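K.L.:
The sequence shown begins at -3 in our numbering and counts up one residue at a time. C-beta: ideal position from N, C-alpha, C; glycine also. Remember, predicted model here, so these are calculated numbers, not experimental data.
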Amino acid sequence: MSRAGGEITIRLYRPIHSAKIVVRRSHDISVSGVNAPPGASADDEGHEGEVLHAAVDQFLSIYNAARAKGLKPDASWLRPNPHFS
-3 MSRAGGEITI RLYRPIHSAK IVVRRSHDIS VSGVNAPPGA SADDEGHEGE VLHAAVDQFL
57 SIYNAARAKG LKPDASWLRP NPHFS
């Protein structure tokens, strides 16, 4: 993803008294003309590694689909998440 420009932060946390793992990304990826292919899914009550893998896989699925169409990575693909802090 470094060719698309920018740093992406993914945070996982488990709220107190909860079995669910919450995932937050600093950026989303959006590429015009590329639909998100189905990525790996992990139950948010799974293990941290599974949840992290699913979050990264979802992101990379769009990136790889765009590259497969011959598109060159561009910083405009990254959309800051306004709810990430």
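Is D24 helix, strand or coil by DSSP?
P.N.:
Correct three-state label for D24: strand.
K.L.:
If distances are taken between C-alpha atoms only, which option among A61, G45, S81, G66 comes closest to I25?
P.N.:
Checking every option, the nearest Cα to that of I25 belongs to A61.
K.L.:
Would you mind working out which of E44, R7, R75 sits nearest S28, comparing C-alpha positions?
P.N.:
Comparing Cα positions, the closest option is R75.
K.L.:
List the residues that DSSP assigns as beta-bridge partners of I12.
P.N.:
Paired residue(s): none; I12 is not in a bridge.
K.L.:
By alpha-carbon positions, which one of L56, L67, R63, V18 ends up nearest to E44?
P.N.:
The shortest Cα separation from E44 among L56, L67, R63, V18 belongs to V18.
K.L.:
Which of the three DSSP states is assigned to K68 in this structure?
P.N.:
Here K68 sits in coil by DSSP.
K.L.:
Could you check if F80 is buried or exposed, using at least 16 other CB atoms within 10 Å of its CB as the buried criterion?
P.N.:
The residue in question, F80, is exposed, as its Cβ has fewer than 16 Cβ neighbours within 10 Å.
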